[in-house]
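Just so we're aligned, residue 51 is where the sequence shown starts under the numbering used here, counting upward by one. Below: one structure, written as C-alpha coordinates.
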Amino acid sequence: MLAMILGLAADSAAAAVPRDTISSSTEYKWQIASWQAGESHGNPADPVTGWYNFFVSGDEVSDGSVHIPKFLVHCQGFADGWPLSSNLTACESQTALTDASVSARVLPSPDTQAHIAIYYIFSANGATTLSFTTTIVEDWARERPPHNFTVTPTETAYLG
51 MLAMILGLAA
61 DSAAAAVPRD
71 TISSSTEYKW
81 QIASWQAGES
91 HGNPADPVTG
101 WYNFFVSGDE
111 VSDGSVHIPK
121 FLVHCQGFAD
131 GWPLSSNLTA
141 CESQTALTDA
151 SVSARVLPSP
161 DTQAHIAIYY
171 IFSANGATTL
181 SFTTTIVEDW
191 ARERPPHNFT
201 VTPTETAYLG
(Lines of atoms letter the chains of each structure in order from A and count residues from 1; the text may use other names and numbers.)
(Lines give C-alpha, C1' and ligand atoms only; values in the text may rest on other atoms or scores of the structure.)
Protein backbone atom coordinates (compact mmCIF):
# COMPACT_ATOMS: atom_id res chain seq x y z
CA MET A 1 0.00 0.00 0.00
CA LEU A 2 2.86 2.40 0.79
CA ALA A 3 4.25 1.97 -2.75
CA MET A 4 0.82 2.80 -4.17
CA ILE A 5 0.56 5.91 -1.99
CA LEU A 6 4.05 7.08 -2.94
CA GLY A 7 3.19 6.53 -6.60
CA LEU A 8 0.09 8.62 -6.25
CA ALA A 9 2.08 11.44 -4.66
CA ALA A 10 4.08 11.87 -7.82
CA ASP A 11 1.07 11.44 -10.10
CA SER A 12 0.11 14.77 -11.59
CA ALA A 13 -3.38 13.43 -12.29
CA ALA A 14 -4.34 13.72 -8.61
CA ALA A 15 -7.12 16.23 -8.11
CA ALA A 16 -5.71 19.37 -6.53
CA VAL A 17 -7.91 20.93 -3.89
CA PRO A 18 -7.39 24.37 -2.36
CA ARG A 19 -5.84 23.91 1.08
CA ASP A 20 -8.47 26.12 2.73
CA THR A 21 -11.25 23.65 1.86
CA ILE A 22 -9.67 21.15 4.24
CA SER A 23 -8.40 23.23 7.15
CA SER A 24 -10.23 26.52 6.85
CA SER A 25 -10.48 27.08 10.61
CA THR A 26 -6.75 26.91 11.28
CA GLU A 27 -3.48 27.85 9.64
CA TYR A 28 -1.74 24.51 9.05
CA LYS A 29 2.08 24.77 9.18
CA TRP A 30 5.08 22.45 9.26
CA GLN A 31 8.30 23.01 11.17
CA ILE A 32 11.57 22.32 9.35
CA ALA A 33 14.51 21.65 11.69
CA SER A 34 18.25 21.25 11.06
CA TRP A 35 17.75 22.01 7.35
CA GLN A 36 20.74 21.38 5.10
CA ALA A 37 20.89 20.97 1.33
CA GLY A 38 24.25 21.02 -0.39
CA GLU A 39 26.16 20.31 -3.54
CA SER A 40 29.29 18.22 -3.93
CA HIS A 41 32.60 20.02 -3.57
CA GLY A 42 34.97 17.45 -5.06
CA ASN A 43 36.87 17.28 -8.32
CA PRO A 44 35.58 20.00 -10.69
CA ALA A 45 35.80 17.50 -13.56
CA ASP A 46 33.28 15.20 -11.83
CA PRO A 47 29.53 15.75 -12.26
CA VAL A 48 27.88 17.86 -9.56
CA THR A 49 25.70 15.95 -7.11
CA GLY A 50 23.42 17.19 -4.34
CA TRP A 51 22.15 16.04 -0.96
CA TYR A 52 19.58 17.04 1.65
CA ASN A 53 19.13 16.29 5.35
CA PHE A 54 16.44 17.73 7.68
CA PHE A 55 13.55 17.00 10.05
CA VAL A 56 9.90 17.86 9.34
CA SER A 57 7.07 17.94 11.85
CA GLY A 58 3.43 18.89 11.76
CA ASP A 59 1.00 19.26 14.64
CA GLU A 60 -2.29 17.43 14.90
CA VAL A 61 -5.14 19.48 13.44
CA SER A 62 -8.86 18.76 13.43
CA ASP A 63 -11.35 21.19 11.95
CA GLY A 64 -14.42 19.04 12.38
CA SER A 65 -14.49 17.62 8.86
CA VAL A 66 -10.93 16.28 8.58
CA HIS A 67 -8.42 15.05 11.14
CA ILE A 68 -4.75 15.63 10.22
CA PRO A 69 -2.46 13.45 12.37
CA LYS A 70 0.78 14.85 13.80
CA PHE A 71 4.09 13.60 12.46
CA LEU A 72 7.84 13.92 12.94
CA VAL A 73 10.21 12.52 10.31
CA HIS A 74 13.85 12.67 9.25
CA CYS A 75 14.39 13.18 5.50
CA GLN A 76 17.66 12.61 3.70
CA GLY A 77 18.55 11.86 0.12
CA PHE A 78 20.77 12.53 -2.86
CA ALA A 79 20.40 14.14 -6.28
CA ASP A 80 22.32 13.91 -9.52
CA GLY A 81 22.08 14.77 -13.20
CA TRP A 82 21.56 18.20 -14.71
CA PRO A 83 19.54 19.86 -13.58
CA LEU A 84 19.93 18.14 -10.21
CA SER A 85 16.96 15.88 -9.38
CA SER A 86 16.11 12.77 -7.40
CA ASN A 87 13.53 10.05 -7.03
CA LEU A 88 10.92 10.20 -4.30
CA THR A 89 12.54 8.96 -1.06
CA ALA A 90 10.60 7.89 2.04
CA CYS A 91 11.48 9.86 5.17
CA GLU A 92 12.18 7.96 8.39
CA SER A 93 9.46 8.36 11.01
CA GLN A 94 10.62 9.47 14.45
CA THR A 95 7.15 8.72 15.92
CA ALA A 96 4.50 6.14 15.15
CA LEU A 97 2.73 6.87 11.85
CA THR A 98 -0.41 4.87 11.10
CA ASP A 99 -1.69 4.84 7.52
CA ALA A 100 0.63 7.75 6.69
CA SER A 101 3.92 8.47 4.98
CA VAL A 102 6.21 11.43 4.37
CA SER A 103 8.59 11.55 1.44
CA ALA A 104 10.84 14.08 -0.26
CA ARG A 105 12.60 14.64 -3.57
CA VAL A 106 14.75 17.19 -5.36
CA LEU A 107 12.81 18.73 -8.23
CA PRO A 108 14.75 19.56 -11.40
CA SER A 109 15.42 23.29 -11.72
CA PRO A 110 18.12 24.97 -13.82
CA ASP A 111 18.64 27.81 -11.34
CA THR A 112 21.19 27.87 -8.52
CA GLN A 113 18.77 27.00 -5.71
CA ALA A 114 17.60 23.70 -4.25
CA HIS A 115 13.94 22.90 -5.00
CA ILE A 116 12.91 20.15 -2.58
CA ALA A 117 9.31 18.90 -2.45
CA ILE A 118 7.92 17.28 0.69
CA TYR A 119 4.76 15.11 0.57
CA TYR A 120 2.65 14.08 3.56
CA ILE A 121 0.09 11.40 2.66
CA PHE A 122 -2.36 10.02 5.20
CA SER A 123 -5.73 8.39 5.66
CA ALA A 124 -8.18 11.06 6.79
CA ASN A 125 -10.95 9.78 9.04
CA GLY A 126 -10.18 6.24 7.89
CA ALA A 127 -11.90 6.69 4.54
CA THR A 128 -10.17 9.26 2.34
CA THR A 129 -6.48 9.54 1.48
CA LEU A 130 -5.13 13.09 1.43
CA SER A 131 -1.81 14.53 0.37
CA PHE A 132 -0.27 17.80 1.55
CA THR A 133 2.72 19.09 -0.42
CA THR A 134 5.14 21.95 -0.12
CA THR A 135 8.20 22.86 -2.14
CA ILE A 136 11.08 24.56 -0.37
CA VAL A 137 13.32 26.77 -2.49
CA GLU A 138 16.57 27.71 -0.76
CA ASP A 139 20.18 28.25 -1.76
CA TRP A 140 22.32 25.14 -1.86
CA ALA A 141 24.36 25.40 1.35
CA ARG A 142 27.98 26.32 1.16
CA GLU A 143 29.27 26.82 4.69
CA ARG A 144 25.98 27.76 6.33
CA PRO A 145 25.10 25.77 9.46
CA PRO A 146 21.80 23.86 9.68
CA HIS A 147 18.84 26.16 10.31
CA ASN A 148 15.14 26.00 11.23
CA PHE A 149 12.07 27.60 9.66
CA THR A 150 8.32 27.15 9.15
CA VAL A 151 6.45 26.37 5.91
CA THR A 152 2.81 26.17 4.91
CA PRO A 153 1.78 23.30 2.61
CA THR A 154 0.84 24.85 -0.72
CA GLU A 155 -1.04 21.99 -2.34
CA THR A 156 -3.64 19.50 -1.17
CA ALA A 157 -4.95 16.56 -3.15
CA TYR A 158 -7.61 13.94 -2.52
CA LEU A 159 -6.10 10.64 -3.67
CA GLY A 160 -9.09 8.41 -3.14
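Here a beta-carbon is modelled for each residue, glycine too, at the ideal position from N, C-alpha and C.
Backbone secondary structure at residue i - three-state DSSP
i    : result
R155 : strand
E110 : coil
V123 : strand
Y78  : coil
D149 : coil
S73  : Per-residue confidence for S73 stands at a pLDDT of 47, beneath the threshold of 50, marking its modelled position as unreliable; no derived number is given.
A129 : strand
H91  : coil
S135 : strand
Bridge partners - residue i, DSSP secondary structure assignment
i    : result
T183 : Y169, E205
Q86  : N103
Q163 : D189
S143 : V123
Neighbourhood of residue i by C-beta, 6 Å cutoff - its chain only, sequence neighbours within 5 removed
i    : result
A174 : V116, L180
E89  : V98, G100, W190
Same chain, Cβ closer than 7 Å to residue i, neighbours up to 5 away in sequence not counted
i    : result
S136 : G127, F128, A129, R155, V156
Environment of residue i [buried if 16+ CB atoms lie within 10 Å]
i    : result
P119 : buried
V187 : exposed
F105 : buried
H165 : buried
Proximal residues to residue i (C-beta, below 8 Å), its chain only, five neighbours per side dropped
i    : result
T145 : K120, F121, L122
D96  : S90
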